[in-house]
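Q: If you want this note's numbering, it's the 1-based position in the sequence shown plus 1.
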Amino acid sequence: MFPRSSRSASGLLAAVVVSSLLLTTTPAHAAGPGAIEPAGAVNPAPGASVKRITLVTGDVAELTTSANGQVSARLTDDEPYYFGTFDGELSLIPSEAYPMLTAGRLDKRLFNLTELAAQGYDDASSDRLPLLLTAPATLRSAPTTPTAATLRRTLTSVGSSAVTVQKSDAKAFWDGISGPTTFKTSQVTKIWLDGRTHATDDQSDQQIGAPTAWKQGYDGHGVKVAVLDTGYDAGHPDLAKQVVASESFVPDEAVQDLHGHGTHTASIVAGLGTASAGKRKGVAPGAELLIGKVLDNSGGGYDSEAIAGMEWAVQQGAKVVSMSLGGLPSDGTDPMSEAVDRLSKSSGTLFVIAAGNSGAEETVGSPGAASEALTVGAVDRDDSLASFSSRGPRLGDGALKPEVTAPGVEIPAARAAGTEQGHVLGQYYTAMSGTSMATPHVAGAAAILAQRHPDWTGPQLKAALASTAVPSAGARTDQQSLGRIDIPNALDPKVLPDAANLFFGDLSWTGPAAPAPVARKVAYRNNSNRPVSLDLSVDVRSPAGVKAAVSVSPSHLTVPAHGSAFALVTLNLAKTQPANYAGAVTARTIRSGMAAGSESVRTGIGFAAGGRLNQVTVKAIGRDGKPATTEAGASGVQLWNQDTGDVNAIAFDENGSRTLDVPTGRYSVMAYAVGGDEANWANSITLLGDPDAWIGTDRTFTFDARTAHKVTIRTPRPADAESIGIAWHRKVGDRDAVSGWGFDGKVANGIYVQDFGKVANGTFQVAQRWDLAQPQLTVDVPGAGRLPTPGPGAYRTVYVGNENLPLYNGGDGTPGELTGAKGKIALIRWTSPDDTTAQVQAAKAAGAKVVFLYNEAPGYWSTGTEEDIPLYLLRSEQGKQLLATLANGPVSLKLSGVLDSTYRYDVAVGPSTVKGPLTYDVAKMHPAVVTTNFQRNAAWFLHTDQRIAHLPGITTGLTSTRAVTGPVSRTDYLVTDLKGVTWDETTSAGEWNESGYESTIPRSYRPGEQVTRGWWEPLMRPAVPGLSDSAGDVAQGWPPARFENALRIAIPQYVSGDRSVFGWGDRGDVTSMKLSSNGVELGSADWSVAQWAVPARAAWYDLTLDQKRGANSWATTSTSTHTTWHFLSVPTKSRAVLPLVQVDYKHTNGWLELTPAYQPGVRGVPIFRTTAEISFDGKTWQKLSLSGIGGTGRAKVPAGSYPSIRVTAKDLIGNSITQTIDRAWEN
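1. Just reading off the alpha helix (DSSP H) that residue 264 is part of, what are its end residues?
2. Whose C-beta lies closer than 8 Å to the C-beta of residue 429 among residues of the same chain, with five residues either side of it excluded?
3. Just to confirm my understanding: we take residue 50, look at its own chain, exclude 5 residues before and 5 after, and list those with CB closer than 7 Å. What are they?
4. Decide if the stretch 1204 to 1221 is in contact with the stretch 1138 to 1151; the criterion is three or more beta carbon pairs, one per stretch, under 8 Å apart.
5. Does the separation of the CB atoms of residue 472 and residue 481 fall below 9 Å?
6. Whole-angstrom Cβ separation of residue 409 and residue 443, contact assumed at under 8 Å?
7. How is residue 438 classed by DSSP in three states: helix, strand or coil?
8. Rounded to the nearest angstrom, what separates residue 1096 and residue 1125 at their Cα positions?
9. For residue 1, which of 849, 883, 860 and 514 has the nearest alpha-carbon?
10. Kindly identify the DSSP beta-bridge partner or partners of residue 704.
11. Give me, in chain order, the residues of the same chain whose beta-carbon lies closer than 8 Å to that of residue 719; leave out the 5 immediate sequence neighbours on both sides.
12. Report, in whole angstroms, the separation of the C-beta atoms of residue 298 and residue 364, which I expect to be a contact under 8 Å.
13. Taking the alpha carbon of residue 825 as the reference point, which residue from 887, 971, 851 and 860 has its own alpha carbon closest?
14. Determine the closest residue to residue 1018 out of 98, 935 and 737, with distance taken between C-alpha atoms.
15. Nearest by alpha-carbon distance to residue 1211: which of 1198, 1203, 1225 and 1192 is it?
16. Counting only beta-carbon separations shorter than 9 Å, does residue 985 have a partner in chain C?
17. Rounded to the nearest angstrom, how far is the Cβ of residue 1 from that of residue 467, given a contact under 8 Å?
18. Can the beta-carbon of residue 799 be found closer than 9 Å to that of residue 874?
19. From 681, 649 and 92, pick the residue whose C-alpha is nearest to that of residue 669; which is it?
20. Return the CA-CA distance between residue 293 and residue 198, expressed in angstroms with no decimal places.
21. Look up residue 410 in the DSSP assignment and say whether it is helix, strand or coil.
22. Measure how close the beta-carbons of residue 130 and residue 166 come, nearest whole angstrom, since I'm counting them as under 8 Å.
23. Nearest-angstrom Cα distance between residue 1082 and residue 1076?
24. Residue 1170: which of 1186, 1181 and 1179 sits nearest, CA to CA?
25. Quick one: what's got a C-beta closer than 8 Å to residue 494's C-beta in the same chain, skipping five residues either side?
26. Can you check DSSP and say which residues form a bridge with residue 609?
27. Provide the residue(s) that pair with residue 1014 in DSSP beta bridges, ordered along the chain.
28. Can you tell me whether residue 818 is buried or exposed? The criterion is at least 16 other CB atoms within 10 Å of its CB, across all chains shown.
29. Going by DSSP, what residue range makes up the alpha helix (DSSP H) through residue 1193?
30. Could you round the C-beta distance between residue 1160 and residue 1003 to whole angstroms and report it? I think they count as a contact, below 8 Å.
31. How about residue 917 and residue 979: are their beta carbons less than 9 Å apart?
32. Compare the Cα-Cα distances from residue 977 to each of 768, 835 and 1056 and report the closest residue.
33. By how many angstroms is the C-alpha of residue 322 removed from the C-alpha of residue 243?
34. Just to confirm before moving on: does the CB-CB distance between residue 704 and residue 622 stay below 9 Å?
35. Would you kindly work out how many angstroms separate the C-alpha atoms of residue 553 and residue 604, rounded to a whole number?
36. In chain order, what are the residue ranges of uninterrupted alpha helix (DSSP H) at least 4 long that sit wholly in the stretch 835 to 909?
Quick look at the structure:
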């Protein structure tokens, strides 16, 4: 099982595009074939979730996963951000980081929210951010440690420093390192995420020919092999005498292996087989092991820990280093790969590294992507390439990776005490699968060769193993390279090439003529006492079978005894079609008087022939007629190749221009021009471009924002934009791309889109998301009309009321200037952030009722205070307008303020063509009306409310998030011009999404449809929410069902009375669930999600779910519940929804309404017998008198506070529910 790590981050920004043809990545902890999932293990929390992630810039992002698995993201502050999805992973880049990212100074993983969350870097999981800071190659030392960072270790092999930044200090770190001269003065050329690396055989020894070497006396004796993994079990009989040195690079963890992966791989290299009477010994049982623990007891570790382990292994004199760990696909330029290359060249050590378990082409991960590494794929017992084995070529340049394969399916080897990895074969052994298992086979083989040839260097060992490998039938060279290793072939080769493969580098060009042919030298060493004649041939093909124009000269070569001779391999690019190519130079020995014999060695060749590149220059002019630059926002261009799905995205330079070299093809050439106000805050964005451009020669595109049209939203009542998202969406065949920006409402009057006609092929869309709300404060000036809505400045303090208040000139806000401000609006000139609190305190002390701060400098500005007096911020022109009004005499302003907005307009539109201004009149678009009641016992409470619109064909949801002051009843108008738009909503019990999530199931609305929804209702209980019974619901485990002879259960613990809103257990809550039949317990779980095997017969079952809120829960009602479902289940050959009964509740005005029904997906006669009881002490129960038919009932409930209720509902055949809810409501 190959450990997964982080993706390489070289090249231009690609995270803003989603391409459905790009390979889907497996989860970070996914195991390869052969791994066992724990019994009963399923998704621990289906449904929506929100994760806060502090970025390296100090900005806080929120990653939201909807109940249907779709994701969206936003920044929690007012900063603009770039968003998009690539390969199923969502990235969000703050505007200020965009230029540095596209310039290659920042690792893309720093903004990949999907990967940051998967690696445990969300704020709930970690309060710090680990980074790698690299220095220029010419410096030959690690960079100095910047401000607000703590040095963890220095990695001299790659000139890097591993540092930690506390997330609370991230803003200070960013401010200190992101200036124009900082990278030079701090010696930092790039900031990388210090990503997490993860832990990814008797017959197999015979498969690679190890016993043949043993018989000749070669078992790796005296050769030091380092195994960098999860440590080892020092007490295992197979390893007890094999380890000569060990070191842990994981803080606070000993070398002892509590995971199991490292023990297994170490024993494949050099296990003695003691516990199996020698049957399961390793490939090189005579080798000396160096154990470096670079992965922790959970199987994960930092990239920096792996690099430190590599350096240690070299210092300890390792001849071979085995690394069964790694990351996502890389082009070999990431820090771990760079460390492998540098250490290999400086020490002569051979690094043997697993390719990965992604299974698809171009998925060889880091550090296996390193050029100097001997990278290993996996085959099964029949020498067929394993389905999970990562295939080549290398990402980017098409180089051959992996070089070799080895057995990696169901490999029996040592089991660490107390671990359960793989298929357990007894106390001392377990079987695992993956390229992790193949890698130590090759490391052991290298040790055998090193014993036989102690003078061989790492490259010679690599060449011997690769050049003599046996190809697997049915796999192309670009997938497996040279094949499965064969130790007897490699042990004493008569002729040995000096390299395992030839690297050609970048094979694209610009200009009218192709470059001259490219040649690479391959030298052959004759290890025998007689001259050897070789017949040389070369065969290099694309995956489609097209031959490359590659030749080898001479075709016949004589190599003197114990000498060398070389040949030239020449590639003629002018005669080679653009494609990826793979193949080999084959050297066959020629016996005297005979044709070429069967003895041969091969040297791999792999390259990407990019062909001629076109120089494409894209220029953009802003709405002010000046070049569109990054001064106010990250204006930039995106070139999306419709034929390949590749993307180039980069910010414009100071001239509003960029030149990119791209292959011939059809592109979407798109650009955003961001404009700014006097303070350089973004106040407009213009979407420009050509979504259907053919590029077959050098071209220049010039886009002018002045020709674009304004987007206007008309609402029936006054409304201010709170947030705005705009993106272009292009789909051609199976490929599609999305790229967009998110802003707060400051740019509402500056959204522009140029004309776009109908595209020639596929679809094009301008997707927009607008969130508009009732102004929380309106200010009317006599004779001058209404001011633009002032910005809030006080935390949790707003003006509520409707009155005329005198305006008072408070000058600079000194106590002496505020003597007459009592009961008035104090208008104060803001002086500096350091003075804000003092100015507001002085106004409060003077008795002012409201404070207006204005800034003399033009443009947007912000400040804030926690003083409990309403504070609002005015721009320069508004402040000066009020001063001028006061100059004419006393004046009163009419203020109208609400605690929170009582109506909102959510607009999601996506026109496919644009001709002229885009105007959307909400009233004419027949919006759906959702009456939303936010309930809370406290008089003041801030919720976080997020609604996501999912436009058809766009994988990334468009979100709007707002803080809600409750309790409040709000009317939301949902507006769209598209069919098939679905909406879902998630709220939390606090403004920082720190507790108590509630969500809705994604759904669409009919025009004019009216819905009422309640959030944080008092009465909540376990139930299956209202579902669509779609494939997405089934994937989440909804509704609970039987699959052949297994029951799959997923029941949210907190569901509203009408089941339209649901939530899962919160931190500190206690959940207990068990399944029994006829009194015999069949399974239990400490969560409300599980899967249990059941007998293959019809039976009655009892499913019991107990839920108790934590002592520090935000909720004061529905504090604990006890639910038992009694149901019949029979064997089925397909999925069958379980006949679970549940009851809907409605408590209003002293009446309790009960409506029993089956869970969604059950067909049955809906006739039930229902009873209900109530208790105010939890001991004495009073039966309620229900009136109704079919089990539906209504009862008057006695007066009292925090009652408990107990309800039973039973259908005609005996399926039933008994449910008790403690403290069901307040009174």
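Beta carbons: idealized from backbone N, C-alpha and C, even for Gly.
A: Looking at the atomic coordinates:
1. 262 to 271
2. Counting only Cβ-Cβ distances below 8 Å, and skipping sequence neighbours, we find 237, 238, 239, 276, 277, 415 and 416.
3. Answer for residue 50: 66 and 998, listed in chain order.
4. yes
5. In contact: residue 472 and residue 481 (Cβ atoms closer than 9 Å).
6. No, residue 409 and residue 443 are not in contact; Cβ-Cβ is about 10 Å, not under 8 Å.
7. helix
8. 20 Å
9. For residue 1 there is no data in the structure shown, the boundaries of the chain being 2 and 1228.
10. 621
11. Within its own chain, the residues whose Cβ lies closer than 8 Å to the Cβ of residue 719, once the five positions on either side in sequence are excluded, are 775, 776 and 779, listed in chain order.
12. Contact flag wrong, Cβ pair sits at about 27 Å.
13. 851
14. For the residues 98, 935 and 737, the minimum Cα distance to residue 1018 belongs to 935.
15. 1192
16. Protein chains in the displayed structure number just one, and chain C is not present.
17. Any answer about residue 1 is impossible in this case: the structure gives the chain only from 2 up to 1228.
18. no
19. When only C-alpha atoms are compared, the closest one is 649.
20. 14 Å
21. coil
22. 5 Å
23. 6 Å
24. The candidate whose alpha carbon is nearest that of residue 1170 is 1186.
25. Once the five neighbours on either side are set aside, the close Cβ partners of residue 494 are 465, 468, 469, 528 and 602.
26. In the DSSP output, where bridge partners are listed per residue, residue 609 has 581.
27. 933
28. buried
29. Here residue 1193 belongs to no alpha helix (DSSP H), and DSSP marks it neither H nor E.
30. About 19 Å; that fails the 8 Å criterion.
31. no
32. 768
33. 15 Å
34. Going by C-beta atoms, residue 704 is nearer than 9 Å to residue 622.
35. 12 Å
36. 837 to 846 and 877 to 888
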